[in-house]
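Take a look at the structure set out below.
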Amino acid sequence: EVLINNDMITFKAISWCMFPVIWAGDILKIEPIEPKDARIGDIVLYKSVGRAYAHRLVKVCQEQGKLYIVTSGEKEYRDNRFTNSSGILADNILGRVIEIKRGKLSFRPDEVKLSLGNLMLGRLKLSLWTLIYKIKQHMAKVFIKLQGVKQYRCFFKRLIENKISFWAGTSLIKNMREVNNFHFYRSLDDFFKNFAGAKGSYNISARIGNRPVGNISLYLEEINNYKICTLSNFIVRIPYRGGGTGSQLLGKVLYLC
């Protein structure tokens with residue numbers, strides 16, 4: 001719906017599964033397409049379990065009158081190691097990647113030049129990304145141990161209590177029950193002023209400055225004249241746990257319910 005109404009969207013890659021064509025941090029320009037118009041070899045944007053992915057389309061098949069697709073990362077695509085992958089409904093396709101922006105460079109997916117220098121630079125960035133990821137994993141373990149200490153939790157709660165702000169996101173994809181990342185955010189106070197309990201999915205986000213530190217999603221619906229509020233995707237980032245962020249998020253979303 002976002003694509004149809006706005007013609008194009010941009011999408012930031014956050015992993016290296018499409019290397020060497022797409023690097024983490026690249027900005028992808030997506031055009032809307034009908035599932036039947038997707039071609040083998042296209043890099044398609046599709047949704048699965050509430051998240052969006054940009055992978056190679058490697059196979060299209062029809063089962064019991066429904067169209068299914070098989071996608072893969074770039075390495076599996078080039079090595080032809082995707083024949084046993086399970087398919088997903090073609091209706092999950094949102095669009096096709098038509099442009100990749102990397103810094104000042106801009107190119108189409110089929111224009112990628114895999115020169116030795118380009119590959120070496122990409123692998124260097126991938127190695128740094130892997131190293132940073134491992135450091136983050138180690139630091140997460142340290143924080144978890146600290147959060148088991150009562151004195152640390154009290155100190156941390158006082159440290160952040162006046163710095164957290166809460167925001168409410170309204171889904172840009174209407175009537176979609178799945179958790180998704182496409183939301184228009186407003187401060188929680190502004191959101192409450194105009195909230196009428198309309199059916200749909202919402203996301204409550206806790207932030208320190210512009211940095212998200214936690215969130216919880218909810219879906220409002222009405223069944224047999226009963227209003228139902230379903231909560232999901234409750235997450236507080238590890239470094240910010242133990243400071244009361246989670247309980248505040250729950251309080252905000254329960255008040256909304």
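Going by the UniProt record's numbering, the letters in the sequence shown line up with residues 1 to 257, in that order.
Even for Gly, the Cβ is constructed at its ideal location relative to N, Cα and C.
Model, not experiment: these values are computed from the prediction.
Inset, instruction - Determine the direct distance from the alpha carbon of residue 162 to that of residue 243, and round the result to whole angstroms. - result: For the purposes of this step, residue 243 is identified with residue 243 of the sequence shown, where counting begins at 1. For the purposes of this step, residue 162 is identified with residue 162 of the sequence shown, where counting begins at 1. Roughly 11 Å between the two C-alpha positions.
Inset, instruction - Would you kindly work out how many angstroms separate the C-alpha atoms of residue 179 and residue 39, rounded to a whole number? - result: Taking the sequence shown and counting its residues from 1, one reaches residue 179 at position 179. Taking the sequence shown and counting its residues from 1, one reaches residue 39 at position 39. Model confidence at residue 179 stands at a pLDDT of 45, short of 50, so the residue's coordinates are unreliable; what they give is reported in the following sentence. Rounded to the nearest angstrom, the two C-alpha atoms are 28 Å apart.
Inset, instruction - Return yes when the Cβ of residue 194 is within less than 7 Å of the Cβ of residue 205, no when it is not. - result: Position 205 of the sequence shown, counting from 1, holds the residue named residue 205. Position 194 of the sequence shown, counting from 1, holds the residue named residue 194. No, the Cβ-Cβ distance between residue 205 and residue 194 is not below 7 Å.
Legend entry - Sequence-distant residues of the same chain with beta carbon closer than 7 Å to residue 229, five excluded per side: On the sequence shown, position 229 is the one that residue 229 refers to. So the list reads 218, 220 and 257, once near-sequence residues are dropped.
Legend entry - Under 7 Å between C-beta atoms of residue 315 and residue 74: Outside the displayed span of the chain (1 to 257) sits residue 315, for which this structure offers no information.
Inset, instruction - Could you spell out where the beta strand (DSSP E) holding residue 19 opens and where it closes? - result: Looking up residue 19 in the sequence shown gives position 19. Taken as a continuous stretch (DSSP letters only), residue 19 belongs to no beta strand (DSSP E), as it is neither H nor E.
Inset, instruction - Mind checking which residues open and close the alpha helix (DSSP H) that includes residue 140? - result: Locating residue 140 in the sequence shown gives position 140, where the first residue counts as 1. From DSSP, the alpha helix (DSSP H) with residue 140 extends over 116–146.
Inset, instruction - Can you give me the start and stop residues for the alpha helix (DSSP H) that residue 227 sits inside? - result: One-based indexing of the sequence shown puts residue 227 at position 227. That residue, residue 227, is in no alpha helix (DSSP H); its beta strand (DSSP E) goes 226–236.
Inset, instruction - With a 10 Å radius around its C-beta and 16 neighbouring C-beta atoms as the bar for buried, classify residue 265 as buried or exposed. - result: With the chain represented from 1 up to 257, any question about residue 265 goes unanswered, as that position is not in the structure.
Inset, instruction - Starting from residue 108, follow the beta strand (DSSP E) in both directions and report where the run begins and ends. - result: Sequence index remark: in the sequence shown, residue 108 carries index 108 (1-based). First-last for residue 108: undefined, no H or E at that position.
Legend entry - Buried versus exposed call for residue 196 [16 or more other C-beta atoms within 10 Å across all chains shown]: Residue mapping note: residue 196 aligns to position 196 of the sequence shown, counting from 1. That one is exposed.
Inset, instruction - Tell me residue 268's beta-bridge partners as DSSP assigns them. - result: Any answer about residue 268 is impossible in this case: the structure gives the chain only from 1 up to 257.
Legend entry - Enclosing beta strand (DSSP E) for residue 257 [first to last residue]: The residue you call residue 257 lines up with position 257 of the sequence shown. Per DSSP, residue 257 belongs to no beta strand (DSSP E) and is neither H nor E.
Inset, instruction - Return yes when the Cβ of residue 71 is within less than 7 Å of the Cβ of residue 57, no when it is not. - result: For the purposes of this step, residue 57 is identified with residue 57 of the sequence shown, where counting begins at 1. For the purposes of this step, residue 71 is identified with residue 71 of the sequence shown, where counting begins at 1. A contact, by the Cβ cut-off of 7 Å.
Legend entry - Span of the alpha helix (DSSP H) around residue 77: In the sequence shown, residue 77 corresponds to position 77, counting from 1. Taken as a continuous stretch (DSSP letters only), the alpha helix (DSSP H) holding residue 77 covers 74–78.
Inset, instruction - Below 7 Å CB to CB, which residues in the same chain sit around residue 177 once its five sequence neighbours on both sides are set aside? - result: Residue numbering aside, residue 177 sits at position 177 when the sequence shown is read from its first letter. Confidence at residue 177 is low in this model, with a pLDDT of 48, below 50, so the placement of that residue should be treated as unreliable; the coordinate-derived value is given next. Closer than 7 Å at Cβ, skipping near neighbours: 201 and 219.
Legend entry - Rounded C-alpha distance that separates residue 96 from residue 128: As a working note, residue 96 is residue 96 in the sequence shown. As a working note, residue 128 is residue 128 in the sequence shown. Roughly 29 Å separates the two Cα atoms.
Legend entry - residue 151, DSSP secondary structure in three states: Here the question's residue 151 lines up with position 151 in the sequence shown. It is helical.
Inset, instruction - For residue 238, collect the residues of the same chain with a Cβ closer than 6 Å to its Cβ; drop the 5 residues on either side in sequence, then sort them by chain order. - result: As a working note, residue 238 is residue 238 in the sequence shown. The residues are 140 and 143.
Inset, instruction - Closer than 8 Å by C-beta to residue 250: which residues in its own chain qualify, once you throw out the five before and the five after it? Chain order, please. - result: Here residue 250 refers to the residue found at position 250 when the sequence shown is read from its first residue. The residues are 216 and 234.
Inset, instruction - Let me know if residue 188 comes out buried or exposed under the rule of 16 or more other beta-carbons within 10 Å of its beta-carbon. - result: Your numbering for residue 188 matches position 188 in the sequence shown. Buried is the call here.
Legend entry - residue 122 beta carbon less than 7 Å from that of residue 263: No statement about residue 263 is possible, as the shown extent of the chain runs from 1 to 257 and does not include it.
Legend entry - Cβ pair residue 35, residue 90 closer than 7 Å: Taking the sequence shown and counting its residues from 1, one reaches residue 35 at position 35. Taking the sequence shown and counting its residues from 1, one reaches residue 90 at position 90. Yes.
Legend entry - As assigned by DSSP and simplified to three states, the class of residue 90: One-based indexing of the sequence shown puts residue 90 at position 90. Here residue 90 sits in helix by DSSP.
Legend entry - Bounding residues of the beta strand (DSSP E) (the contiguous stretch that carries residue 214): As a first step, residue 214 must be located in the sequence shown, where it is residue number 214. Unbroken beta strand (DSSP E) run through residue 214: 211–223.
Legend entry - 8 Å CB neighbourhood of residue 15 in its chain, flanking five on each side removed: Within the sequence shown, the letter at position 15 stands for residue 15. So the list reads 24, once near-sequence residues are dropped.
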